[in-house]
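A.B. asks:
Residue numbers (the working numbering), protein chains in the order written: chain A, 1 to 491; chain B, 492 to 982.
1. Closer than 7 Å by C-beta to residue 441 of chain A: which residues in its own chain qualify, once you throw out the five before and the five after it? Chain order, please.
2. On the DSSP bridge list, what partners appear for residue 716 of chain B?
3. Can you check which of these residues, B:545, B:598, B:586, B:657, is closest to residue 578 of chain B by C-alpha distance?
4. Per DSSP, what kind of secondary structure is residue 692 of chain B in: helix, strand or coil?
5. Compare the C-beta of residue 467 of chain A with all C-beta atoms of chain B and state if any pair is closer than 8 Å.
6. Could you list which residues in chain A have their beta carbon closer than 9 Å to that of residue 589 of chain B, in chain order?
7. If contacts are defined as beta-carbon pairs under 8 Å, then residue 135 of chain A and residue 141 of chain A qualify, I think. What distance do you get, rounded to the angstrom?
8. For residue 898 of chain B, I'd like the list of residues in its chain whose CB is within less than 6 Å of its CB, leaving aside the five on either flank, ordered along the chain.
9. Leaving out five residues before and five after residue 524 of chain B in sequence, what residues of the same chain have Cβ atoms less than 7 Å from its Cβ?
10. Leaving aside the five residues before and after residue 516 of chain B along the sequence, list all residues of the same chain whose C-beta is less than 8 Å from its C-beta, in chain order.
11. Can you round the beta-carbon distance between residue 294 of chain A and residue 201 of chain A to whole angstroms, since I take them to be within the 8 Å contact cut?
12. With a threshold of 16 other CB atoms inside 10 Å of the CB of residue 435 of chain A, please say whether the residue is buried or exposed.
13. Please confirm if residue 42 of chain A has its CB atom under 8 Å from at least one CB of chain B.
14. Just checking residue 374 of chain A against the ligand COA - is the residue's beta carbon closer than 7 Å to any of the ligand's heavy atoms?
15. Just verifying my parser: in three-state terms, what is the DSSP assignment at residue 138 of chain A?
16. Interface residues of chain A around residue 646 of chain B at Cβ under 9 Å?
17. Could you tell me the distance, in whole angstroms, from the CA atom of residue 187 of chain A to the CA atom of residue 69 of chain A?
18. So, does the CB of residue 130 of chain A fall closer than 8 Å to a CB anywhere in chain B?
19. Of all the alpha helix (DSSP H) runs that stay within the bounds of the region 3–76 of chain A, which reach a length of 4 or more residues?
20. Check residue 492 of chain B in the structure and name its three-state DSSP category.
21. For a test of the three-state rule: what should DSSP assign to residue 473 of chain A, helix, strand or coil?
22. Under a three-way DSSP split, which group does residue 151 of chain A fall into?
23. At least one CB of chain B closer than 8 Å to the CB of residue 358 of chain A: is that the case?
24. In chain A, which residues lie less than 8 Å from residue 529 of chain B when you measure between Cβ atoms?
25. So with Cβ pairs under 8 Å, would you call residue 826 of chain B a contact of chain A?
26. When the Cα atoms are used, what is the spatial distance from residue 108 of chain A to residue 591 of chain B?
27. Which residue spans inside the region 799–877 of chain B form an unbroken alpha helix (DSSP H) run of at least 4?
28. Would residue 865 of chain B and residue 853 of chain B be called neighbours here (beta carbons separated by less than 8 Å)?
29. Considering residue 944 of chain B, what are the terminal residues of the alpha helix (DSSP H) in which it resides?
30. Using only the alpha-carbon positions, how far apart do residue 299 of chain A and residue 829 of chain B sit?
31. Quick check on residue 188 of chain A: does DSSP put it in helix, strand or coil?
32. For the candidate residues A:365, A:311, A:330, whose alpha-carbon lies nearest to that of residue 340 of chain A?
33. What does the Cβ neighbour count give for residue 870 of chain B, buried or exposed, with the cut at 16 atoms within 10 Å?
34. Grab the span of the beta strand (DSSP E) containing residue 435 of chain A for me, first residue to last.
35. Beta carbons nearer than 8 Å to chain B: which residues of the region 136–169 of chain A have them?
36. Give the single residue among A:246, A:330, A:454, A:478 whose Cα lies nearest to the Cα of residue 500 of chain A.
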């Protein structure tokens, strides 16, 4: 299973790629930059989707579906938006193929050229706000709280499985509000939803903050984000929530009649997370034995493997294992009993370990005599022989313990990797030798931010929310600064 | 709500369009032929997805995700496949836009032309079988039972909301097997899954059958289908399951080593249902008062509406209604309590009626004194005053009764609309004056099928499974025939 598997210490980047492939999560496809999400990877994504979708609905959102294609002219309507996305989009120009005149294969039919080209959506603000114009007339139509699960395409030149792909899966929320305050409240609410999901489901601690003007979403007045730290000391932006002001309402002329009878432009937010979270999940917990999954997102939480010498022994184990499986399922624990006879127990152990199943139960003939099983934890690799009596209770407790343990471990690591520096030399030293987040004073100008980025490849990941005001001196320009910001090299 | 709503009798086609729009199910978008699925419509689609996804998983399938784009050359590899799909596909030719030289808007960047054009998937056999080549080596890798939920694009010239749209949502199963028998068994199994879903969830009776060679999926050896009858007497193909033989395995060179050590081509199936089912659902049960939903697919199964004179009365009703809501939810009944104060009860009644909520509970001040509520059924429009005691039990029973009732009603109608004819004159008479399915003898030739289609617009919907063999004479050619087939005009 773990043959030819690079260790994290050898080469973290290679370790990641090997892991994604060898744990059957995803692979590159025949189409440049597009991935195939394999069944094991997709099952984890489905767990993420379910948990997020539930949270969206609990906070009053409904799902809908908007077209894959966006007329080219829509992009030009919001000036900064088009600058942000035009450079990396797939363009549909024709709607038919025909047999090649030379009889070899098929060619584009030039008679079937579109009058206006269509863009494969890189994000849906424009088509959605064009649609909202028909849906919003009065304050009674607000707030409009809609989410979409969809595929989007951004023509990235350098791609990596899950982290940066030309096509990816995501959700994009698009809400409309009567006031700026309500829209900002929504922007922050959804950031909290993301942070809660990251910490309580992915067991991945995140820092909530705002992006600098340079790093804002194209068309936003304010971009909020959650930033996580990967095991190699690089940061990863795990989700964003944008306060769009009235930019898209103005671009698409969406006005409403207020309670006071005035005609006003609508206020907007948008927010999204994507299959990039799969990369974040992998790089938060996994190790040199493969994937480590937090129980809440593990498609299989417990696997049961029989170890038997003959059919008679197997029958006995089957009877017990099926009963145990049923009891666990009654507690809503996702369990698989793997009594396939074409693979040996050792092979199965290695396979489930590599694929990140949180708990493994092995049952042998001796166990059946003694009324015990062997319980192995994926996270700590501890193995214990435990009594069959009270086992389901024990397992339920252990799954909670593993979930908490993974979060605490990641939190401890993350906190140990936030370095406070006072000078640019310290900054570069930490960046080179330690990695992690660097908390430093910055003069607040895009110019300084850009120069630091060019010289060190570190970017301002965020200005943490509730950041304490603190007088200081910019590490780069020496100018006065009112607060620290978090820098890091990032995915 | 139902203002300007055309009746079924006036104009069935207009009634359908009005209903889709006015019940907030979907609308046309700014992109030709692409629809926006609105929240109410999408919520019903989500119910369908959940039920189907569960059935797929219960029959051993897993989900995965393959790229949106397919390299043009892949299409040419399976000869009949390319003929079937090349004429109606969206073609991506460029990957970048740039500012227009005249400063007005944006234009396609001719420097960013793709070496090979990409097709937006109209169906995924080619890209998936290309991928399967890497996944299948041995009989141990089989069967491979994979499903994908995705959007697809077919550039239809004449579109109708849900029934025929350029982009639509669907699932496509793609399975690989070691033997023809196993693949045929899978093809039939999935047809049964679809039929079971149609009848037990959509309350829509279907006929299981095989398509004639003319109507087969491009690349299939055999296409199985379920055919339903709409209220206007036209048939609708609700789902298809294809036995693909070794066509795609040969086109993409996918071989496996059998148990006997021989290298053989893999056998394939594919099967799909789409948002077209939304159209089928609407046209199976709805009426001149709007949408009628079978309880199993209704996002809201029960709506509770308070009728009150003052705040004191409302408080009392609130207390009871919230308790009732909780009790219903404990029985997994989807319930909404609508005590918004900005709409009157009459408006709410009409709105929920139009949107197809199966059961409405109205509670007034008098009801609270008498310990009763008013229960209204959407399907029969019956209203009854019933005691609050035992209400949740009553409601659970009624939902089952409504589900069954809708199916029985649709079945009775469908069965009454299967007409047996012996001559072409009878055939044309029934087609013109009655509609429905016509059971008639056919000589088995594509030529006759085509001529009948040209002359009458009726097509052979299917050769029903387990069709009795019966000697007869083709209604068109007079040649001998061994069995009857089902003709109809169809959506």
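Glycine included, every Cβ here is placed at the ideal spot set by N, Cα and C.
C.D. replies: Considering the structure as presented:
1. 472, 473, 474, 475, 481, 484
2. B:700, B:731
3. The shortest Cα separation from residue 578 of chain B among B:545, B:598, B:586, B:657 belongs to B:657.
4. coil
5. no
6. 86, 87
7. 6 Å
8. 694
9. 647, 650, 656, 657
10. 510, 528, 529, 531, 532, 535, 652, 653, 769, 773, 782
11. Between residue 201 of chain A and residue 294 of chain A the Cβ distance is about 7 Å, and since that is below 8 Å, they are a contact.
12. Its Cβ being crowded by 16 or more others within 10 Å, residue 435 of chain A is buried.
13. yes
14. As for the ligand COA, it is missing from this structure, which has no ligand bound.
15. In the three-state reduction of the DSSP assignment, residue 138 of chain A falls in the strand class.
16. 95, 96, 112
17. 26 Å
18. yes
19. Uninterrupted alpha helix (DSSP H) stretches at least 4 residues long and entirely within the region 3–76 of chain A occur at 12–22, 39–58, 72–76, given in chain order.
20. Reliability of the predicted coordinates at residue 492 of chain B is poor, the pLDDT of 49 falling under 50, and the value obtained from them is presented with this limitation in mind. Coil.
21. strand
22. strand
23. With 8 Å as the cut-off, residue 358 of chain A does not count as an interface residue toward chain B.
24. Within 8 Å Cβ-Cβ: 64.
25. no
26. 25 Å
27. 802–821, 836–846, 856–861
28. Between residue 865 of chain B and residue 853 of chain B, the C-beta gap is smaller than 8 Å, which places the two residues in contact.
29. 937–947
30. 37 Å
31. helix
32. A:311
33. buried
34. Segment: none, residue 435 of chain A is in no beta strand (DSSP E) and carries neither H nor E.
35. Cβ contacts with chain B come from 140, 146, 150, 151, 153, 155, 167, 169.
36. A query on residue 500 of chain A cannot be resolved here, the shown segment of chain A reaching from 1 to 491 and no further.
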